[in-house]
Every structure is written in C-alpha cells, then in structure tokens.
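In what follows, a structure is listed as structure tokens, so that the remarks can point back to it.
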Amino acid sequence: MKIVLASSSPRRQQLLELIGLTFTIVVSQIEEDNAKDLPPHELAIGQARDKAMDVSKQVAGDAVVIGADTIVVLDGKVFGKPVDRQDAVRMLIALAGREHTVISGVAVVRGGRVFTGFSATAVTLRPLSAAQIERYVDTGEPMDKAGAYAIQGQGTLLVESINGCYNNVVGLPLVLLSKLLGQAGVELL
2 MKIVLASSSP RRQQLLELIG LTFTIVVSQI EEDNAKDLPP HELAIGQARD KAMDVSKQVA
62 GDAVVIGADT IVVLDGKVFG KPVDRQDAVR MLIALAGREH TVISGVAVVR GGRVFTGFSA
122 TAVTLRPLSA AQIERYVDTG EPMDKAGAYA IQGQGTLLVE SINGCYNNVV GLPLVLLSKL
182 LGQAGVELL
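Residues in the sequence shown are numbered from 2 upward in steps of one, following the working numbering.
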C-alpha cells in the first residue's frame with residue numbers, strides 16, 4: 002500500500018519516520034487561507050482535507066494520502082505562518098507571556114473516502130523582551146512556522162508550558178493520525 006504525505010514540511014516527514022511509516026511526498030498546490038470566516042478547528046480541518054484531496058487526484062491506485070494544517074489561535078485570531086520578519090515579530094509580541102491554542106487539522110484520503118479530525122494543545126510562551134524576540138527572529142526559524150515559533154527547535158526556549166499533544170505543536174498529532182489511518186484500513190500497531 003502506498004502512503005503519500007501531502008506536505009513538504011520536514012517536521013511532518015520526521016514525525017512519520019519516527020513511527021516507522023514508509024511514504025512518498027507529493028506537495029499540494031492548495032494555498033492556505035487563514036482569513037476564511039470559520040471556527041479555527043474547521044479551518045484547520047478544511048485546509049488539511051483540501052491538501053489531501055488535491056494530492057489524491059495526482060496519485061494513482063489505492064494510495065493513502067495524509068494532509069495536515071496547523072494554526073495558532075490567540076483570542077479568536079488565527080496566526081498562520083508569518084509573511085515576513087515584521088509579521089513574525091508582531092506574532093511573537095502578541096504571544097509572549099500568554100496562553101494560546103495550537104490546532105492541527107488532519108485528513109486521510111483513501112479511495113475517495115475522507116477521514117478527518119483535529120487536535121488542540123494549549124501552549125504558554127514565557128514573557129519575552131523585544132531584544133529576545135529580535136534575536137529569535139534573526140535565527141530565521143520562525144519564518145515557516147504557524148505562530149512564528151518552533152517548539153522542536155530554538156523556539157523551545159520560548160515555551161513555558163504545554164498542555165496536550167507535543168507532536169500537535171510540532172505539526173502532526175500522531176495519535177490522531179493513527180486513529181484516522183485505522184479508519185482508512187491502515188493499522189500502525
């Protein structure tokens with residue numbers, strides 16, 4: 002059985018390798034739109050589904066396609082990936098010293114059937130000075146991360162606490178993925 006990851010994210014690839022999955026990568030051409038007027042979990046699920054469906058049209062046979070989308074939510078406002086350095090600084094200023102929610106939508110597509118779900122994790126960043134934020138942004142790490150930080154990288158120094166799934170914050174909640182793959186007929190354990 003062919004498993005396809007509809008993402009170029011190195012973090013998602015590493016997580017799939019961690020659980021022993023053999024997979025190929027076909028990057029979805031779907032553009033993320035975090036401005037849609039939807040509840041955040043529906044937004045993340047919808048974008049994950051759109052990515053997986055886009056790739057499922059490109060692969061042949063009984064392939065199992067995995068799509069995911071991760072967003073950060075603070076006071077009802079969705080933070081995706083920063084568009085530039087200034088945007089990354091803005092996000093980190095808003096998140097510093099505050100609890101926010103990281104939501105990952107996951108979709109598994111097999112044979113035209115779609116299985117979806119989401120995971121939500123509460124994360125609190127420690128209070129940060131303007132200089133600390135500038136130095137972190139200077140590393141370049143925040144630029145392709147929802148909320149402008151990477152918990153699995155140097156951004157771990159920003160995180161004061163986490164309540165929920167760590168892998169969700171990295172970008173792919175593995176327990177949820179395992180359940181969705183099981184619904185699609187792929188048992189991991």
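Quick reminder that beta carbons are idealized off the backbone N, C-alpha and C, glycines included.
Counting only unbroken stretches of 3 or more residues, no beta strand (DSSP E) element lies wholly within the region 27–66. When E100, P83, A69, G68 are compared, the shortest CA-CA separation from D76 is found for E100. Restricting attention to A69, R50, G47, the CA atom closest to the CA of S9 is found in A69.
Taking all protein chains shown into account, S120 has 16 or more neighbouring C-beta atoms within 10 Å of its C-beta and is therefore buried. For F116, the closest of I67, Y167, T71 by C-alpha to C-alpha distance is I67. By the Cβ-count criterion, T122 is buried, with 16 or more other Cβ atoms from all chains shown falling within 10 Å of its own Cβ. For A108, the enclosing beta strand (DSSP E) covers residues 100–111.
No Cβ-Cβ contact shorter than 9 Å links T140 with Q153.
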